[in-house]
Amino acid sequence: MTNLSKPVAVHLHLFYTDMWDELKQQLINIGKTPYQLYVTLVAPDPRLEKVIKDFSPTAQVWIVPNMGYDIGPFIEFLNRINLDDFSYILKLHSKRPSNGTDTKLNHLPVTRYYWKVLLSEALIGTPQIWQHNLQAFTEDNSLGMIASPHLIKKADKSDSFLIPEVQNQLQKLGLPQVKSFSFVAGTMFLVQSSLLKVIQHQYTIDDFQITDGQVKDGTLAHVFERLFGALISAQHKTIKGFHHNWKFVSSAVGKIILRFFYQKKLTKNNKIIIKLCKIPVFEKKIS
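The number in my numbering is simply the position in the sequence shown, starting from 1, with 69 added.
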């Protein structure tokens with residue numbers, strides 16, 4: 070077991086309260102590593118609060134406004150703690166898989182199911198994964214943040230409408246501009262606590278939009294998703310991932326191969342098009 074001079078602060082934003090049992094099983098993998106658990110909820114739930122404290126008697130449970138998805142509550146958490154008391158910050162939240170379309174990350178299609186699995190698995194999926202992550206920090210002084218290698222994304226043209234605001238926030242924080250940076254798509258990570266001092270008390274949860282169930286691109290929360298990565302680079306540290314999910318990789322590669330041989334899609338003009346080996350072989354207009 071890796072020995073730490075200070076405990077780890079674990080922030081879990083539990084919007085989907087029914088996911089507590091699942092996340093608890095992963096928290097167990099932290100084992101004997103000293104940590105302080107902080108849980109944020111968007112509504113009072115005395116029964117759940119008791120269950121959480123039965124699991125971790127020192128846990129602190131806070132009710133916060135439903136603003137900024139999981140990032141607004143994380144900012145609230147940062148503003149309430151003393152970062153000097155902790156070695157690392159583990160950021161988790163209750164992401165639920167949905168039936169949305171695949172997202173292409175690092176050239177692989179990521180389903181909503183796998184996105185949810187990959188986020189936390191790479192951090193605390195097993196006791197061995199957790200210990201390996203802690204050991205990585207002790208062996209690499211340049212390492213600032215750890216996340217799933219499948220979800221560490223380089224900011225590119227798909228993020229171009231958000232990058233100027235990321236640079237504006239870096240300037241506001243007194244950090245140098247970074248021409249190139251990566252970030253964690255989904256914002257679950259393990260990070261050196263000292264690297265977050267630069268944003269502590271610079272924002273509040275009230276700076277973020279109310280979360281109404283609709284995903285809106287371009288909000289401050291989406292800027293922060295990228296800013297967390299940019300501020301790591303601006304402080305001359307790196308983001309790395311160590312746990313590869315080969316079941317996900319094989320599934321994603323299989324989808325790519327299948328789509329090459331057979332693809333059926335409905336266009337915006339209400340046309341069904343079937344392609345074999347990327348060659349259109351059937352097209353029909355539907356009313």
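We put the CB at the ideal spot given by N, CA and C, even for glycine.
Exercise for review: Go ahead and pull the three-state DSSP assignment for I99.
Suggested key: helix
Practice item. Report the partner residues of S251 according to the DSSP bridge assignment. Key: K223
Practice item. Give every residue of the same chain whose Cβ lies closer than 6 Å to the Cβ of L296, excluding the five residues on either side of it in the sequence, and list them in chain order. Key: V235 and Q238
Point to revise | Assigned secondary structure, A290 (DSSP; H/G/I helix, E/B strand, else coil) | key: helix
Point to revise | Buried/exposed call for P142, threshold 16 Cβ in 10 Å | key: buried
Review point. Under a Cβ-count criterion, where at least 16 other Cβ atoms within 10 Å of its own Cβ denotes burial, should A112 be classed as buried or exposed?
Key: exposed
**Study point:** Reference L360, options W184, L147 and P196, closest by Cα
**Key:** The structure shown has nothing for residue 360, since the chain only spans 70 to 356.
Practice item. Determine the burial state of H312: buried for a count of at least 16 other Cβ atoms within 10 Å of its Cβ, exposed for fewer. Key: buried
Check your understanding: Nearest to S229 by CA position, among T207, H291 and S262, is which residue?
Key -> H291
**Study point:** Assumed close pair Q269, N148 - CB separation to whole angstroms, cut-off 8 Å
**Key:** 6 Å
Review point. Does the Cβ of L53 have 16 or more other Cβ atoms within 10 Å, making it buried, or fewer, making it exposed?
Key: Nothing can be reported for residue 53: it is not among the residues displayed for the chain, which extend from 70 to 356.
Exercise for review: Please look up how many angstroms separate the CB atoms of L220 and A254, rounded, as I've assumed it's under 8 Å.
Suggested key: 5 Å
Review point. Would I341 be called buried (16 or more neighbouring beta carbons within 10 Å of its own) or exposed?
Key: exposed
Check your understanding: If you draw a straight line from the alpha carbon of G137 to that of K347, how long is it in whole angstroms?
Key -> 41 Å
Check your understanding: Taking C-beta to C-beta, are A303 and L244 nearer than 8 Å?
Key -> yes
Practice item. Would you mind stating whether M257 and L192 have Cβ atoms separated by less than 8 Å? Key: yes
Check your understanding: Is there at least one Cβ from chain B nearer than 8 Å to T307's Cβ?
Key -> Within the model displayed, chain B is absent; a lone protein chain is all it includes.
Practice item. Over the uninterrupted alpha helix (DSSP H) stretch that includes K353, give me the two end residues. Key: Unbroken run through K353 is the beta strand (DSSP E), I348 to K354; no alpha helix (DSSP H).
Practice item. Flag this pair as yes or no: are the beta carbons of L264 and S217 separated by less than 8 Å? Key: no
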